[in-house]
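2 protein chains.
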Amino acid sequence: MRLTKKGKYAVSAMLDIAFVQSTSNSYVKICDIAERQRIPSSYLEQILRNLRKADLLLAVTGPNGGYRLSKSSSDISIADVVQCIEGKIDSTRCGGTSNCIAGQECLSHSLWTDLNTEMELFLSKRSLEDVLKGRKVKFSSHKSALETKNMIVIG
Amino acid sequence: MRLTKKGKYAVSAMLDIAFVQSTSNSYVKICDIAERQRIPSSYLEQILRNLRKADLLLAVTGPNGGYRLSKSSSDISIADVVQCIEGKIDSTRCGGTSNCIAGQECLSHSLWTDLNTEMELFLSKRSLEDVLKGRKVKFSSHKSALETKNMIVIG
DNA sequence: CTATTATTGACTAAATAAGTCAAGAAATAG
DNA sequence: CTATTTCTTGACTTATTTAGTCAATAATAG
Numbered sequence: 022m023r024l025t026k027k028g029k030y031a032v033s034a035m036l037d038i039a040f041v042q043s044t045s046n047s048y049v050k051i052c053d054i055a056e057r058q059r060i061p062s063s064y065l066e067q068i069l070r071n072l073r074k075a076d077l078l079l080a081v082t083g084p085n086g087g088y089r090l091s092k093s094s095s096d097i098s099i100a101d102v103v104q105c106i107e108g109k110i111d112s113t114r115c116g117g118t119s120n121c122i123a124g125q126e127c128l129s130h131s132l133w134t135d136l137n138t139e140m141e142l143f144l145s146k147r148s149l150e151d152v153l154k155g156r157k158v159k160f161s162s163h164k165s166a167l168e169t170k171n172m173i174v175i176g
Numbered sequence: 022m023r024l025t026k027k028g029k030y031a032v033s034a035m036l037d038i039a040f041v042q043s044t045s046n047s048y049v050k051i052c053d054i055a056e057r058q059r060i061p062s063s064y065l066e067q068i069l070r071n072l073r074k075a076d077l078l079l080a081v082t083g084p085n086g087g088y089r090l091s092k093s094s095s096d097i098s099i100a101d102v103v104q105c106i107e108g109k110i111d112s113t114r115c116g117g118t119s120n121c122i123a124g125q126e127c128l129s130h131s132l133w134t135d136l137n138t139e140m141e142l143f144l145s146k147r148s149l150e151d152v153l154k155g156r157k158v159k160f161s162s163h164k165s166a167l168e169t170k171n172m173i174v175i176g
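What follows is the structure in structure tokens.
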């Protein structure tokens with residue numbers, strides 16, 4: 022499997038957006054996400070662009086624009102996000118063709134495909150909402166999203 | 022998690038050795054493993070060296086020398102092999118320190134550590150022997166290991 | 001019109017993985 | 001003891017991937 026910073030940034034960003042949406046109705050700007058999640062904003066642009074193309078995000082240009090989840094945070098799995106950014110998970114040597122060596126499938130082939138399946142399952146079972154809920158929130162609810170901006174550590 | 026060609030080569034090589042040992046008593050030479058498993062032999066040297074340093078292999082120099090497993094194939098897990106080559110699996114952004122962002126633990130932190138745990142467990146549960154046994158062997162048992170050499174695709 | 005914000009694609013830099021090499025040391029067969 | 005076989009070592013190069021940058025463009029609210 023592949024799980025790079027880019028994929029982790031993507032998950033952090035999606036969780037950030039999901040969180041902001043859960044407390045306000047506004048669109049979320051790249052630069053705000055970048056600041057909160059400590060992600061280089063020009064890199065984040067690239068990432069959010071892919072998430073949008075994959076229809077996981079909606080974007081609105083212009084003043085008060087930004088990003089929104091395209092569907093409920095309970096309908097987007099971590100696997101959706103990771104696969105969008107990292108591509109299809111594949112641990113095999115042959116790229117899944119089973120032509121590992123001299124046209125034959127090797128034994129570790131199924132070891133790696135089984136591992137893939139395991140990981141995909143793990144990430145598919147968890148929605149953004151699940152992950153958000155897993156957290157003991159660190160700020161009191163009467164504060165606005167803006168006020169607590171610096172405290173949100175959803176990364 | 023990290024799982025590169027190097028780690029997969031290592032697993033292939035260990036399975037190859039385990040297999041040869043299960044049919045004969047001889048030490049297994051780098052160049053034979055390299056040929057069967059299609060691994061650049063000078064790269065394989067480097068890999069086997071690490072497996073030896075980690076006491077997963079024993080080596081004997083000189084004519085009829087080569088490598089042997091240091092213990093039973095049922096006592097060496099895939100996790101042992103992968104961790105020896107790839108180092109400790111760590112998917113978190115902070116390197117496990119929980120200082121993800123501004124000194125605070127981020128929410129996805131536990132997502133990634135849980136994923137780590139899951140994968141480690143998966144690989145720990147499988148010994149070399151288990152993986153070998155999972156295979157429907159493709160050659161009849163009356164042939165010698167040497168005769169069937171080219172058919173062994175344990176990769 | 002102007003300010004704001006996403007969009008695009010091509011670009012560079014840094015890190016990591018993959019692979020090579022040459023010289024050496026150990027063991028053994030003969 | 002000598003020639004051959006085989007592992008040992010460490011430094012090296014190259015290729016690939018990841019990470020990050022940038023500048024110009026397009027859309028929209030007010």
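Chains E and C are the protein sequences, given in the same order.
Residue numbers for the first sequence follow my numbering, so the first one is 22 and each next one is one higher.
Residue numbers for the second sequence follow my numbering, so the first one is 22 and each next one is one higher.
Don't be surprised by glycine CBs; every beta carbon is placed ideally from N, CA and C.
For clarity, every value in this text was computed on a predicted model and none was experimentally measured.
Contact set for residue i: own chain, Cβ-Cβ below 6 Å, skip 5 residues either direction
i	result
D76/C	S91
I173/E	Its pLDDT being 46, under 50, I173/E is placed unreliably by the model, and the measurement read from it follows with that caveat. Counting only Cβ-Cβ distances below 6 Å, and skipping sequence neighbours, we find R57.
K27/C	I106
R23/C	E107
Chain-order list of residues whose beta-carbon lies under 8 Å from that of residue i (same chain, five-residue window excluded)
i	result
K164/C	Unreliable positioning characterises K164/C in this predicted model, as indicated by a pLDDT of 34, which lies under 50. A coordinate reading is not provided.
L153/C	L36, A39, F40, S43, S94 and I175
C105/C	A31, N71, L72, A75 and L77
A55/E	P61, S62 and L65
N85/C	S47 and Y48
T25/C	E107
Which of helix, strand or coil DSSP assigns to residue i
i	result
A55/C	helix
Y30/E	helix
A80/C	strand
L90/C	strand
S148/E	strand
I99/C	helix
A60/C	Per the sequence shown, residue 60/C should be read as Ile rather than Ala. In this structure, I60/C counts as coil in the three-state DSSP scheme.
Buried or exposed by the 16-neighbour rule on C-beta atoms within 10 Å, applied to residue i
i	result
D101/E	buried
S206/C	Outside the displayed span of chain C (22 to 176) sits residue 206/C, for which this structure offers no information.
D53/E	buried
G146/C	Sequence check: residue 146/C is Lys here, not Gly. It counts as exposed.
G83/E	exposed
V158/E	In this predicted model, V158/E has a pLDDT of only 37, less than 50, meaning its place in the structure is not dependable enough to derive any value.
L79/C	exposed
Of the listed residues the options, nearest to residue i (C-alpha basis)
i	options	result
F143/E	L144/C, E139/C and K146/C	E139/C
V81/E	D151/E, Y48/E and R23/E	Y48/E
S129/E	N137/C, G155/C and L136/C	G155/C
R59/E	Q67/E, A34/E and L79/E	A34/E
G108/E	E150/E, K50/E, I68/E and D151/E	I68/E
K50/C	G87/C, L24/C, R23/C and K29/C	G87/C
D96/C	N137/C, E150/C, L136/C and R89/C	E150/C
V103/C	V103/E, R89/E and L132/E	L132/E
Other residues of its chain near residue i: CB distance less than 7 Å, five sequence neighbours each side excluded
i	result
S98/C	L144, S145, R147 and S148
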